[in-house]
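Undergrad: Just so you know, the protein sequences line up as chains A and B, in that order. Counting the first sequence from 1 gives a position; this note's numbering is that position plus 548. Counting the second sequence from 1 gives a position; this note's numbering is that position plus 942.
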Amino acid sequence: MTRTTGARLIADSLVRHGIKAVAGIPGGANLPLFDAISQTPTRIVLARHEQGAGFIAQGMARVTGQAQVCLATSGPGVMNLLTAIADAKADSVPLVCLAGQVPRALMGTDAFQEVDVYGLTIPIAKHNVLARRAADLPRIMEEAFAIAVSGRPGPVVVDVPRDVQTEEFDFTSWPAPRLGSGPAESPGTPGPADLAFAASLLARCERPVLYCGGGARGAGAEIAVLAELLDAPVVTTLMGLGLLPPGHPRLAGMIGMHGAPAANHLLTRCDMLVAVGARFDDRATGDAKRFCPGASVIHIDIDPSEHGKNRAAHVPLAGDAVRTLGALIPLVPARARPAWTAIRASLGLAHPYALPGLDDPKSPYGVLAAAAEILGPEAVVATDVGQNQMRAAQAWPCHAPGKFLTSGGLGTMGFGLPAAIGAALADPSQPVACVTGDGGLLMNVQELATLAELGLPVKILLMDNGVLGLVRQQQALFVGGRYTASTFAARPDFVALAASFGIAAIDLEPCRDARAALAAVLAAPGPALARIPVDPDAHVYPMVPPGAANHEMILEKRHDHAHS
Amino acid sequence: MTTPIRENTASESPRAELELATRDALGALRHVAACLARRSHELLGLSCLPGPAGQGRLLVAVADDGRLERLLAELRALPEVCGAQLSRAAGAALVPAAPVAA
Ligand SMILES: Cc1ncc(C[n+]2csc(CCOP(=O)(O)OP(=O)(O)O)c2C)c(N)n1
Ligand SMILES: [Mg+2]
């Protein structure tokens, strides 16, 4: 038995869970906690905005697959964290968010910097808890880390009043975490009858497709085996990028709003859809009623509440993807499906898909291709949101899960820079690319200071088009070309801006040999920014109009309105 | 099989009663209410019954619009809830019944 305080207990639990770095900002309500953490080996990264801290922790979590930690003080501090929490929930990212709260005696009095953290985070966190007594913290912290990573991962919020941080108590031992009762927390494998039924449907189908999302993350090998047995193509969502390496014979590309045409067309033709860790999100399915209209569905998901949410499944299989596929594979007979192979080949010919300007390092696609080639297959890329993100999803060759970090479910502008910092913190030995837009960079631009301080090799590829590009594209195509509030009249000098933070920066626009300049930026130690000028009227194609079916994607290079 | 269409026909649907065993009554109440609201379930009635040592029971009457299995899965996943089951058929009153096994 040892005498300790709430704050020291929390700090010890971070060490116990292997947390090497936390990101946050101190304030009155979490000073004891910062003080306690400073006395442990865990490094404190001072972000410049709590949203930045949340995304830095997310960057670490998305790369490592382990729960990571961010901290904010009460009131405005935790309010600033909310977007990063909701973002982590949407993309199933394990986080433990430690919020300071006003002392217990002041709670409920509208005290200075008091907000109802518990109430605010109910709909956006996987779990939230208010620590009422320091003696409860051993259990609360064990549960927080366990719940964040178990089943379908997600953010856990722990709200700790200041006087609970300073309260002394006798610590005896770390209790075993008590998890929820549902299979989402302690998933087994589906029952033999369900697996046998799934296998019988698979044996009979003629045109199977494997549709994989972020939940398939660890199951690339099993997916490849099943695809081989079924002679089936594998398509992924934005969150599933990297599941199979580029050029893998089974990989048919990304589906959805800006997906590969042949991949989207495959879905229209399939008679069997095996969904693995994918949740039939509207950005992936287009008009849900016309998504794989003729297909039977086998839906493998660790979270049983995903079954039947957006699409009824003939066989819902609740379980971890690796184990469920491992149990299913021995039951599935190998069979070549030459007719389906022929259809796939003809779809590929009918819907060729070439990104423009891939060989021009001054073009948006070309700079991505060049950077990816220079950085190599191990590189991590974090994107922001907008055209820059969709171009990166299309052009960046993703070799493994956890290497393409993007805000998929919430689509949060401002994600890219802090997430890239987090990724670099997790592994500072190799450069991390940050693909961002001129709008999104400004949404967390303050983290350039954090980056400069850390000196990490984050390489910002700034796609500077002077507009909210994806918004402008939608206005061009669907709002009669009326560009309301999507053009920046004032455009910062981004090279000077980065330089003012002490970050090396280069404008590729005047460079004669842009590729060599880019290579030099990527090879230099420490952070850097490269500005790439982008035509504000260059659209990202293909594009499925909102509400349309995936096969109704628009392919033309320019829309009339784009010139008006 | 077609994609289920989510139209608001709940008020004409039969009702169902869910019985939840809870660990933290207030936390469970807030989370269950939030879950129903987030998924646009029609709440017909709710009662919260104390049990021994912080445990308790929530009885939740909702319209049965064909999404009960999913709703139960989602409620079971809540750490504040340690058991969830369909209690009994339409029209039943919200009165205490035998506790749910945790
Ligand atoms: C926080 C937030 N606000 C608004 C939006 C809506 N939105 C989506 S894309 C986009 C434009 C992004 O512009 P920019 O960062 O310059 O990237 P580009 O599309 O030009 O590459 C906007 C405003 C969003 N996704 N996130
Ligand atoms: Mg822009």
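For each residue, glycine too, the CB sits at the ideal point set by N, CA and C.
At the level of alpha carbons, what is the spacing between Val-880/A and His-1099/A?
TA: Taking the first sequence and counting its residues from 1, the one referred to as residue 880/A is at position 332. Taking the first sequence and counting its residues from 1, the one referred to as residue 1099/A is at position 551. If you take the alpha carbons of Val-880/A and His-1099/A, they lie about 30 Å apart.
Undergrad: Quick one: using the 10 Å Cβ neighbour count with 16 as the cut-off for buried, is Ser-1042/A buried or exposed?
TA: Here residue 1042/A is taken as the residue at index 494 of the first sequence, counted from 1. For the record, residue 1042/A in the displayed sequence is Phe; it is not Ser. Burial call: buried.
Undergrad: Is Lys-910/A helix, strand or coil when you go by DSSP?
TA: The residue labelled residue 910/A in the question sits at position 362 within the first sequence. Correct three-state label for Lys-910/A: coil.
Undergrad: Along the chain, which unbroken stretches of the alpha helix (DSSP H) at least 4 residues long are found entirely within the region 811 to 896 of chain A?
TA: DSSP runs (the alpha helix (DSSP H)) wholly in the region 811 to 896 of chain A: 830 to 833 and 869 to 876.
Undergrad: Quick one: what's got a C-beta closer than 6 Å to Ala-920/A's C-beta in the same chain, skipping five residues either side?
TA: Against the first sequence, residue 920/A aligns to sequence position 372. Closer than 6 Å at Cβ, skipping near neighbours: Trp-944 and Pro-945.
Undergrad: Just to confirm the assignment, what range does the beta strand (DSSP E) spanning His-675/A have?
TA: Here the question's residue 675/A lines up with position 127 in the first sequence. Per DSSP, His-675/A belongs to the beta strand (DSSP E) from 675 to 678.
Undergrad: Compute every distance between the C-beta of Gly-988/A and the non-hydrogen atoms of ligand 3, then say whether any falls below 7 Å.
TA: With respect to ligand 3, the structure shown offers nothing to examine, as its ligands consist of ligand 1 and ligand 2.
Undergrad: Using a Cβ distance threshold of 8 Å, determine whether the region 635 to 654 of chain A contacts the region 709 to 723 of chain A, with at least three qualifying pairs required.
TA: Segments in contact, yes.
Undergrad: Does any heavy atom of ligand 2 sit closer than 7 Å to the C-beta of Gly-970/A?
TA: As a first step, residue 970/A must be located in the first sequence, where it is residue number 422. Checking every heavy atom of ligand 2 against the Cβ of Gly-970/A, none is found closer than 7 Å.
Undergrad: Examine chain A for any beta-carbon lying closer than 8 Å to the beta-carbon of His-983/B, and answer yes or no.
TA: Within the second sequence, numbered from 1, the residue matching residue 983/B stands at position 41. It does not: the Cβ of His-983/B has no partner Cβ on chain A nearer than 8 Å.
Undergrad: Select from Cys-753/A, Val-697/A and Ala-724/A the residue whose C-alpha is nearest the C-alpha of Glu-690/A.
TA: For the purposes of this step, residue 690/A is identified with residue 142 of the first sequence, where counting begins at 1. Comparing Cα-Cα distances from Glu-690/A to each of Cys-753/A, Val-697/A and Ala-724/A, the minimum goes to Ala-724/A.
Undergrad: Here's a check: name, in chain order, each residue in its chain whose Cβ is nearer than 7 Å to the Cβ of His-489/A, leaving out the five neighbours to either side.
TA: Since the first residue of chain A shown is 549 and the last is 1112, residue 489/A is not available in this structure.
Undergrad: Against chain B, does Ile-633/A count as a neighbour if the rule is that its beta carbon must be under 8 Å from one of theirs?
TA: In the first sequence, residue 633/A corresponds to position 85, counting from 1. It does not; no Cβ of chain B falls within 8 Å.
Undergrad: Taking Cβ-Cβ distances below 8 Å as the criterion, which residues of the region 986 to 998 of chain B are in contact with chain A?
TA: Residues passing the 8 Å Cβ filter: none.
Undergrad: Please confirm if Ala-1015/B has its CB atom under 8 Å from at least one CB of chain A.
TA: Within the second sequence, numbered from 1, the residue matching residue 1015/B stands at position 73. Output row for Ala-1015/B: interface = yes.
Undergrad: Taking the alpha carbon of Ala-615/A as the reference point, which residue from Gly-607/A, Asn-936/A and Gln-942/A has its own alpha carbon closest?
TA: Taking the first residue of the first sequence as position 1, residue 615/A is located at position 67. Checking every option, the nearest Cα to that of Ala-615/A belongs to Gly-607/A.
Undergrad: Roughly how many whole angstroms lie between the Cα atoms of His-983/B and Val-1004/B?
TA: Within the second sequence, the letter at position 41 stands for residue 983/B. Within the second sequence, the letter at position 62 stands for residue 1004/B. Roughly 7 Å separates the two Cα atoms.
Undergrad: Cα separation between Met-938/A and Phe-963/A?
TA: Here residue 938/A is taken as the residue at index 390 of the first sequence, counted from 1. Here residue 963/A is taken as the residue at index 415 of the first sequence, counted from 1. For Met-938/A and Phe-963/A, the distance between alpha carbons rounds to 14 Å.
Undergrad: From Gly-874/A to Ala-767/A, what distance separates their C-alpha atoms?
TA: The sequence position of residue 874/A within the first sequence is 326, counting from 1. The sequence position of residue 767/A within the first sequence is 219, counting from 1. Computed Cα separation, rounded: 9 Å.
Undergrad: Where does Ser-989/B fall in DSSP's three states?
TA: Start at 1 with the first residue of the second sequence, and residue 989/B comes out as number 47. Correct three-state label for Ser-989/B: strand.
Undergrad: Just to confirm, does Asn-1013/A get its C-beta within under 7 Å of one of the non-hydrogen atoms of ligand 2?
TA: Numbered from its first residue, the first sequence carries residue 1013/A at position 465. Answer for Asn-1013/A: yes, Cβ within range of ligand 2.
Undergrad: Going by the C-beta, is Leu-749/A closer than 7 Å to any heavy atom of ligand 2?
TA: One-based indexing of the first sequence puts residue 749/A at position 201. Not under cutoff, so the answer is no.
Undergrad: Say yes only if the C-beta of Arg-935/A is nearer than 7 Å to one or more non-hydrogen atoms of ligand 1, and no if none qualify.
TA: Position 387 of the first sequence holds residue 935/A. Note that residue 935/A corresponds to Gln in the displayed sequence, not to Arg. At least one heavy atom of ligand 1 is nearer than 7 Å to the Cβ of Gln-935/A, so yes.
Undergrad: Quick one: complete beta strand (DSSP E) runs, 3+ long, within the region 640 to 669 of chain A?
TA: Counting whole runs of 3 or more residues, the region 640 to 669 of chain A contains the beta strand (DSSP E) stretches 643 to 649.
Undergrad: Start and end of the alpha helix (DSSP H) containing Met-627/A?
TA: Here residue 627/A corresponds to residue number 79 of the first sequence, with the count starting at 1. Taken as a continuous stretch (DSSP letters only), the alpha helix (DSSP H) holding Met-627/A covers 624 to 638.
Undergrad: Within 10 Å of its beta-carbon, does Glu-1016/B have 16 or more other beta-carbons around it, so buried, or fewer, so exposed?
TA: In the second sequence, the residue the question calls residue 1016/B occupies position 74. By the 10 Å Cβ count, Glu-1016/B comes out buried.
Undergrad: To which residues of the same chain is Leu-1004/A closer than 8 Å at the C-beta, ignoring the five residues directly before and after it?
TA: Working through the first sequence from its first residue, we reach residue 1004/A at position 456. Answer for Leu-1004/A: Ile-969, Ala-972, Leu-973, Pro-976, Val-980, Gly-1074 and Pro-1075, listed in chain order.
Undergrad: Suppose contacts are defined by Cβ-Cβ distances below 8 Å. Is Ala-555/A in contact with Ala-584/A by that definition?
TA: Residue numbering aside, residue 555/A sits at position 7 when the first sequence is read from its first letter. Residue numbering aside, residue 584/A sits at position 36 when the first sequence is read from its first letter. For Ala-555/A and Ala-584/A, yes; Cβs fall inside 8 Å.
Undergrad: What residue range does the beta strand (DSSP E) around Val-783/A cover?
TA: Within the first sequence, residue 783/A is the residue found at index 235, counting from 1. It spans 782 to 784 - the beta strand (DSSP E) in which Val-783/A sits, taken as one unbroken run.
Undergrad: Just to make sure I have the definition right: I need the residues of chain B whose C-beta is within less than 7 Å of the C-beta of His-675/A. Which are they?
TA: Within the first sequence, the letter at position 127 stands for residue 675/A. Under the 7 Å cutoff, chain B gives Pro-1021.
Undergrad: Out of curiosity, what's the CA-to-CA distance linking Leu-1016/A and Thr-931/A?
TA: Taking the first residue of the first sequence as 1, we reach residue 1016/A at position 468. Taking the first residue of the first sequence as 1, we reach residue 931/A at position 383. If you take the alpha carbons of Leu-1016/A and Thr-931/A, they lie about 15 Å apart.
Undergrad: Are any of the Cβ atoms in chain B nearer than 8 Å to that of Lys-951/A?
TA: Residue numbering aside, residue 951/A sits at position 403 when the first sequence is read from its first letter. It does not; no Cβ of chain B falls within 8 Å.
Undergrad: Between Val-1019/A and ligand 1, is there a pair consisting of the residue's CB and a ligand heavy atom that are separated by less than 7 Å?
TA: Numbered from its first residue, the first sequence carries residue 1019/A at position 471. Yes - ligand 1 has a heavy atom lying nearer than 7 Å to the Cβ of Val-1019/A.
Undergrad: Run through DSSP, which three-state label would Arg-1012/B get?
TA: Looking up residue 1012/B in the second sequence gives position 70. Residue state, collapsed to three classes: helix.
Undergrad: I want to know whether the region 1017 to 1024 of chain B touches the region 957 to 968 of chain B - three or more CB-CB distances under 8 Å.
TA: Verdict: yes, contact present.
Undergrad: Leu-1014/B and Leu-1028/B look like a contact to me (Cβ under 8 Å); what is the Cβ gap, rounded to whole Å?
TA: In the second sequence, the residue the question calls residue 1014/B occupies position 72. In the second sequence, the residue the question calls residue 1028/B occupies position 86. Going by Cβ atoms, the distance from Leu-1014/B to Leu-1028/B rounds to 7 Å, so yes, they are a contact pair.
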